[in-house]
Amino acid sequence: MTPQRLLDLYRLMSRIRQFENAAEIASQGGVAAWGLAASAKPALVRGPLHLSTGQEAVAAGVCHNLERADMLTSTHRGHGHTLAKGADATRMMCELFGRATGYNKGKGGSMHIADFSVGMLGANGVVAAGIPIATGAAHALKIRKQANIVACFFGDGATNRGPFLEGLNWAQVYQLPILFVCEDNRISATTPTPAMTAGAGAFARAQAMGIPSEHVDGNDVEAVDTAAQKMIGEIRAGSGPRFLHAVTYRFKGHVSVDPGTYRDAKEVEAALHKDPLIVARARLASLGMTASDIAALDAEVKLEIDAALQTAEAAPWPVVGDAYEDIMTTGAGVWL
Amino acid sequence: MTITKMTYAEAACAALREAMQADPNVVALGEDLGRGGVFGQYRGLAAEFGGDRIIDTPISESNIMGSAVGMALAGVRPIVEMRVIDFALCAIDEIVNQAAKNRFMFGGQGRVPLVARMPIGIWSASAAQHSQSLEAWFAHIPGLVVATPSTPQDNYGLLKSSMASGDPVIYMEHKELWGTQGDVDTAEAVPLGVGKKLAVGKDVTIVTWSRGVGVCMQALEQGAFASLGGIKPDIIDLRTIWPWDRAMVMESAARTGRLLVMHEAVQVGGFGAEIAASAAEQTGCKVKRLGSPRIPVGYAQVLENESRLSVGKLISATQALLKQ
């Protein structure tokens with residue numbers, strides 16, 4: 001890998017990390033949840049915020065290999081995928097803040113973050129629900145004889161839902177141009193996934209359907225990038241779906257206000273040492289980047305995220321009438 | 001003007017064929033479509049358009065509906081076949097959380113122009129899991145259109161309007177109507193949200209749809225209302241459940257002062273309750289509902305009949321309303 005490519009990947013990961021950290025702080029206060037009391041000052045991000053902190057290498061390593069016209073579906077933990085697909089951090093932050101200038105005009109928030117203009121067809125509030133949608137988008141590419149592909153992200157928890165089986169089978173039956181990415185953070189909400197999963201898990205299930213599959217260290221952005229590049233090349237060449245199983249770790253709780261105390265402290269500590277940004281920094285250092293070069297890059301990213309926060313806080317709210325827009329055309333105007 | 005005699009199934013097939021000829025992005029997907037669909041409502045289409053556009057699918061209702069959402073977002077206009085509405089319950093997340101809400105929750109970035117065909121109703125002793133009428137479920141969900149054609153003409157016209165609407169449409173054909181013959185004027189548009197007057201009268205308003213229309217027509221043909229002192233009912237086929245033709249219903253209910261809503265679906269929580277309540281609020285008319293008791297549809301004829309509409313039940317309900 002060239003130093004420049006690794007640097008690009010690192011910048012993407014830094015943007016995701018700093019976006020998540022900023023959103024996390026902005027989500028504090030507000031609602032009482034997970035044993036924590038509500039604070040008097042309402043949070044700037046009111047709704048549930050599922051952070052991908054610690055999982056940045058998967059989003060960056062896969063999406064760096066996508067073209068703008070490629071499509072992507074994501075999960076409730078979707079900020080990283082969205083940024084990596086090319087969405088604008090400011091419009092994303094505006095959406096998290098519930099502002100009219102957000103991607104969804106304040107109608108969706110974090111769980112429905114999306115930027116259709118870059119092919120990012122949406123995060124989803126329902127586990128595994130993006131899988132059938134992704135197969136449909138890939139099927140549309142086949143029907144319309146378009147050369148692009150679809151990347152479909154989901155978590156390990158999704159592999160226990162029916163649409164996972166249905167979607168993988170579908171993609172293989174019709175030989176669709178789709179990369180399934182199981183972003184395996186080893187926990188389903190607050191329950192360890194292995195305890196809830198029969199057999200050898202995600203990878204074995206994909207293999208059982210004959211989909212060429214690979215394991216990858218999801219905290220090593222170079223490894224993810226290399227595997228994704230190969231698989232996406234094969235998909236673009238017309239050889240049907242591929243399945244990438246990337247094992248990573250969720251640094252935060254299920255949602256931002258969840259302290260995650262149900263996890264073993266030693267396990268968390270060990271995972272923090274394998275932080276994908278630390279791994280990438282060490283590799284950059286070995287390629288000749290100095291600590292101050294990397295710090296300068298991080299500082300540049302901080303400016304971008306700070307500007308996003310400032311813009312979002314000053315952005316206008318939706319107006320009441322917006323609640324009645326973008327619903328349907330047939331019979332619009334009659335809501336009772 | 002081209003008028004052709006065809007069945008309710010053939011009318012839908014003709015509408016779909018025209019749409020597929022006009023737009024290469026129109027496709028149909030569902031189980032067994034390659035062999036014409038279980039009711040023959042896709043007969044001949046696979047030979048004409050090929051397997052890439054008349055798509056035989058695995059028995060995977062979640063993915064059939066969910067992939068149709070993805071197709072729609074990516075520029076295809078899918079017609080989704082659910083075989084019977086009871087199976088659409090296996091795709092309820094994809095309908096309710098994905099198709100219906102996509103446009104709103106993503107702030108209008110995308111639209112989901114799909115037509116989900118879900119044959120409803122009691123047919124051929126199909127028992128509890130193949131006989132339901134669930135229009136009220138889908139009428140409850142913001143974002144969905146719900147259509148219930150009762151004639152070949154309306155099946156032709158409403159399917160065309162549904163495909164052209166750009167909205168997700170829950171399209172409910174009644175299984176007992178597939179073989180119904182009728183004249184279809186291919187030049188006649190049937191817009192969504194517009195009811196049809198089946199009889200003009202002054203004494204009582206009867207609103208119905210789908211299989212209920214045939215029961216009303218049978219009552220008229222038999223002169224069954226004569227037993228109620230020769231009253232003249234004003235009868236409306238609603239044709240679309242959402243959006244429903246309020247203007248037509250309210251005009252009639254205000255004039256007659258009495259409204260009966262009749263549907264094959266379970267009466268409790270049925271869409272008839274919505275219409276009756278709306279009409280009572282707006283016009284002060286007296287109201288009555290006639291639907292199935294809240295029992296699963298039974299297999300044996302005597303059990304199944306308890307869930308069916310009939311001329312006898314219609315006349316009794318009308319009589320009770322007149323006595324109010």
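Chains as they are written, first to last, in our numbering: chain A, 1 to 336; chain B, 1 to 324.
By construction, the Cβ of each residue, glycine as well, lies at the ideal position given by its N, Cα and C atoms.
Query raised in the report: chain E partners of Val146 (chain B), CB-CB under 7 angstroms?
Result: In the structure shown, chain E cannot be found, because the protein chains are A and B.
Query - Neighbour list for Gly167 (chain A) in chain B, Cβ cutoff strictly below 7 angstroms - result: Residue mapping note: residue 167 (chain A) aligns to position 167 of the first sequence, counting from 1. Within chain B, the residues whose beta carbon sits less than 7 angstroms from that of Gly167 (chain A) are Asn63, listed in sequence order.
Report task. Look at the alpha carbon of Gln267 (chain B) and the alpha carbon of Gly44 (chain B), and state the distance between them as a whole number of angstroms. Result -> Looking up residue 267 (chain B) in the second sequence gives position 267. Looking up residue 44 (chain B) in the second sequence gives position 44. So the two alpha carbons sit approximately 38 angstroms from each other.
Query raised in the report: Going along the chain, which residues of the stretch 158-169 of chain B sit with their C-beta nearer than 7 angstroms to a C-beta in chain A?
Result: Identification of residues in the stretch 158-169 of chain B having a C-beta nearer than 7 angstroms to some C-beta of chain A yields Ser165, Gly166 and Asp167, given in sequence order.
Requested in this report: Scan the stretch 62-88 of chain A and note each continuous alpha helix (DSSP H) run of 4 residues or more that stays entirely inside, going in chain order.
Outcome: Fully enclosed alpha helix (DSSP H) runs of 4 or longer: 79-84.
Query raised in the report: Can you list, in chain order, the residues of the stretch 75-97 of chain B whose Cβ is nearer than 7 angstroms to any Cβ on chain A?
Result: Flagged, chain order: Gly75, Val76, Asp93, Glu94 and Asn97.
Query raised in the report: Any idea what DSSP makes of Ile95 (chain B), helix, strand or coil?
Result: Stepping through the second sequence from its first residue, residue 95 (chain B) is reached at position 95. Helix at Ile95 (chain B).
**Report entry** Neighbour list for Gln109 (chain B) in chain A, Cβ cutoff strictly below 8 angstroms
**Finding:** Taking the second sequence and counting its residues from 1, one reaches residue 109 (chain B) at position 109. Going along chain A in sequence order, the residues near Gln109 (chain B) (Cβ under 8 angstroms) are Tyr103, Asn104, Ala114, Asp115, Phe116 and Ser117.
Query raised in the report: Among residues of its own chain, excluding the 5 on either side of Asn169 (chain A), which ones have a beta-carbon nearer than 7 angstroms to its beta-carbon?
Result: Translated into positions along the first sequence, residue 169 (chain A) becomes position 169. So the list reads Met209, once near-sequence residues are dropped.
Query raised in the report: Straight-line CA distance for Gln98 (chain B) to Gly66 (chain B)?
Result: The residue given as residue 98 (chain B) occupies position 98 in the second sequence. The residue given as residue 66 (chain B) occupies position 66 in the second sequence. For the pair Gln98 (chain B) and Gly66 (chain B), the Cα-to-Cα distance works out to about 7 angstroms.
Query raised in the report: Taking 9 angstroms as the CB-CB limit, is Asp326 (chain A) close to chain B?
Result: Residue 326 (chain A) sits at position 326 when you count from the first residue of the first sequence. Yes - at least one Cβ of chain B is within 9 angstroms of the one on Asp326 (chain A).
Report task. Determine the chain A residues that contact Asp52 (chain B) at a beta-carbon separation under 8 angstroms, and present them in chain order. Result -> Locating residue 52 (chain B) in the second sequence gives position 52, counting from the first residue. Near Asp52 (chain B) (Cβ distances below 8 angstroms), the residues of chain A are Lys142 and Ile143.
Query raised in the report: Could you give the C-beta distance for Ile113 (chain A) and Ala123 (chain A), rounded to a whole number, given that I count them as a contact under 8 angstroms?
Result: By one-based count along the first sequence, residue 113 (chain A) stands at place 113. By one-based count along the first sequence, residue 123 (chain A) stands at place 123. Right, the Cβ-Cβ distance comes to about 5 angstroms (below 8 angstroms), so this counts as a contact.
Report task. Indicate whether at least one CB of chain B lies closer than 9 angstroms to the CB of Val334 (chain A). Result -> What you label residue 334 (chain A) is simply residue 334 of the first sequence in a count that begins at 1. Interface residue, yes.
Query raised in the report: Between which two residues does the alpha helix (DSSP H) containing Arg218 (chain B) stretch?
Result: Counting from one through the second sequence, the residue named residue 218 (chain B) turns up at place 218. The question names Arg, but residue 218 (chain B) in the sequence shown is Gln. In the DSSP assignment, Gln218 (chain B) falls within the unbroken alpha helix (DSSP H) covering Arg211 to Gln222.
Query raised in the report: Are Phe154 (chain A) and Thr75 (chain A) close, meaning C-beta to C-beta below 9 angstroms?
Result: Numbered from its first residue, the first sequence carries residue 154 (chain A) at position 154. Numbered from its first residue, the first sequence carries residue 75 (chain A) at position 75. Result yes, Cβ atoms of Phe154 (chain A) and Thr75 (chain A) sit closer than 9 angstroms.
Query - Proximal residues to Gly230 (chain B) (C-beta, below 6 angstroms), its chain only, five neighbours per side dropped - result: Here residue 230 (chain B) refers to the residue found at position 230 when the second sequence is read from its first residue. So the list is empty, once near-sequence residues are dropped.
Query - Contacts of Met92 (chain A) in chain B (Cβ-Cβ under 8 angstroms) - result: Taking the first residue of the first sequence as 1, we reach residue 92 (chain A) at position 92. Within chain B, no residue comes near Met92 (chain A); the closest Cβ sits about 12 angstroms away, beyond 8 angstroms.
Query raised in the report: How would you call Arg68 (chain A), buried or exposed, if buried means at least 16 neighbouring beta carbons within 10 angstroms?
Result: Position 68 of the first sequence, counting from 1, holds the residue named residue 68 (chain A). With fewer than 16 Cβ atoms within 10 Å of its Cβ, Arg68 (chain A) is classed as exposed.
Query - Rounded separation between Ala138 (chain A) and Arg294 (chain B) - CA only - result: The residue you call residue 138 (chain A) lines up with position 138 of the first sequence. The residue you call residue 294 (chain B) lines up with position 294 of the second sequence. Approximately 43 angstroms, taken between the alpha carbons.
Query - Short CB-CB distance (under 9 angstroms) between Val216 (chain A) and chain B - result: Residue 216 (chain A) sits at position 216 when you count from the first residue of the first sequence. Val216 (chain A) does not count as touching chain B.
Query - Cut-off 6 angstroms between Cβ atoms - residues of its own chain near Asn155 (chain B), not counting five sequence neighbours on either side - result: Stepping through the second sequence from its first residue, residue 155 (chain B) is reached at position 155. Excluding its 5 nearest sequence neighbours in each direction, Asn155 (chain B) has C-beta neighbours in its own chain below 6 angstroms: Tyr8, Ala11, Ala12 and Pro149, listed in chain order.
Query - Contact check, Arg77 (chain B) vs Asp23 (chain B), beta carbons under 9 angstroms - result: Here the question's residue 77 (chain B) lines up with position 77 in the second sequence. Here the question's residue 23 (chain B) lines up with position 23 in the second sequence. The answer is yes: Cβ separation under 9 angstroms.
Query - Beta carbon of Asp52 (chain B) nearer than 9 angstroms to that of Lys142 (chain A) - result: The residue labelled residue 52 (chain B) in the question sits at position 52 within the second sequence. The residue labelled residue 142 (chain A) in the question sits at position 142 within the first sequence. Yes, the pair counts as a contact, with Cβ atoms nearer than the cut-off.
Query raised in the report: Is the beta carbon of Pro191 (chain B) sitting closer than 9 angstroms to the one on Ser161 (chain B)?
Result: For this step, residue 191 (chain B) is matched to residue 191 along the second sequence. For this step, residue 161 (chain B) is matched to residue 161 along the second sequence. Yes.
**Report entry** Beta carbon of Glu173 (chain B) nearer than 9 angstroms to that of Pro119 (chain B)
**Finding:** Counted from its first residue, the second sequence places residue 173 (chain B) at position 173. Counted from its first residue, the second sequence places residue 119 (chain B) at position 119. For Glu173 (chain B) and Pro119 (chain B), yes; Cβs fall inside 9 angstroms.
Query raised in the report: To the nearest whole angstrom, what separates the beta carbons of Ala74 (chain B) and Met120 (chain A), a pair I think is in contact under 8 angstroms?
Result: Numbered from 1 along the second sequence, position 74 holds the residue referred to as residue 74 (chain B). Numbered from 1 along the first sequence, position 120 holds the residue referred to as residue 120 (chain A). Wrong, their Cβ atoms sit about 13 angstroms apart, outside the cutoff.
Query raised in the report: Taking all protein chains shown into account, do 16 or more other C-beta atoms lie within 10 angstroms of the C-beta of Met1 (chain A), making it buried, or fewer, making it exposed?
Result: Your numbering for residue 1 (chain A) matches position 1 in the first sequence. Within a 10 Å sphere around the beta-carbon of Met1 (chain A) sit fewer than 16 other beta-carbons, which makes this residue exposed.
Query raised in the report: With a cut-off of 9 angstroms, does the C-beta of Leu121 (chain A) fall near any C-beta of chain B?
Result: For the purposes of this step, residue 121 (chain A) is taken as residue 121 along the first sequence, with counting starting at 1. Residue-level contact check: Leu121 (chain A) touches chain B, since one or more beta carbons of chain B fall below 9 angstroms from its beta carbon.
Query - Gln18 (chain A), enclosing alpha helix (DSSP H) - first and last residue - result: For this step, residue 18 (chain A) is matched to residue 18 along the first sequence. In this chain, the alpha helix (DSSP H) harbouring Gln18 (chain A) covers Pro3 to Ala26.
Query raised in the report: From Asp237 (chain B) to Ser210 (chain B), what distance separates their C-alpha atoms?
Result: Against the second sequence, residue 237 (chain B) aligns to sequence position 237. Against the second sequence, residue 210 (chain B) aligns to sequence position 210. If I take the Cα positions, the gap works out to 8 angstroms.
Query raised in the report: By how many angstroms is the C-alpha of Glu135 (chain B) removed from the C-alpha of Ile342 (chain B)?
Result: A question about residue 342 (chain B) goes unanswered here, because the residues of chain B that appear run from 1 up to 324.
Query raised in the report: For a contact meaning CB atoms closer than 9 angstroms, what does Met71 (chain A) contact in chain B?
Result: The residue labelled residue 71 (chain A) in the question sits at position 71 within the first sequence. In chain order: Gly70, Leu73 and Ala74.
Requested in this report: Determine the contact status of Leu321 (chain B) and Leu220 (chain B), defining contact as a CB-CB distance below 9 angstroms.
Outcome: Counting from one through the second sequence, the residue named residue 321 (chain B) turns up at place 321. Counting from one through the second sequence, the residue named residue 220 (chain B) turns up at place 220. No; because the gap between Cβ atoms is not below 9 angstroms, this pair is not in contact.
Query raised in the report: Using the beta-carbon count (16 or more within 10 Å), is Gly107 (chain B) buried or exposed?
Result: Stepping through the second sequence from its first residue, residue 107 (chain B) is reached at position 107. Flag for Gly107 (chain B) reads buried.
Report task. Have a look at the DSSP bridge pairing and note the partners of Leu260 (chain B). Result -> For the purposes of this step, residue 260 (chain B) is taken as the residue at position 260 of the second sequence. Beta-bridge partners assigned by DSSP to Leu260 (chain B): B:Ile206 and B:Lys288.
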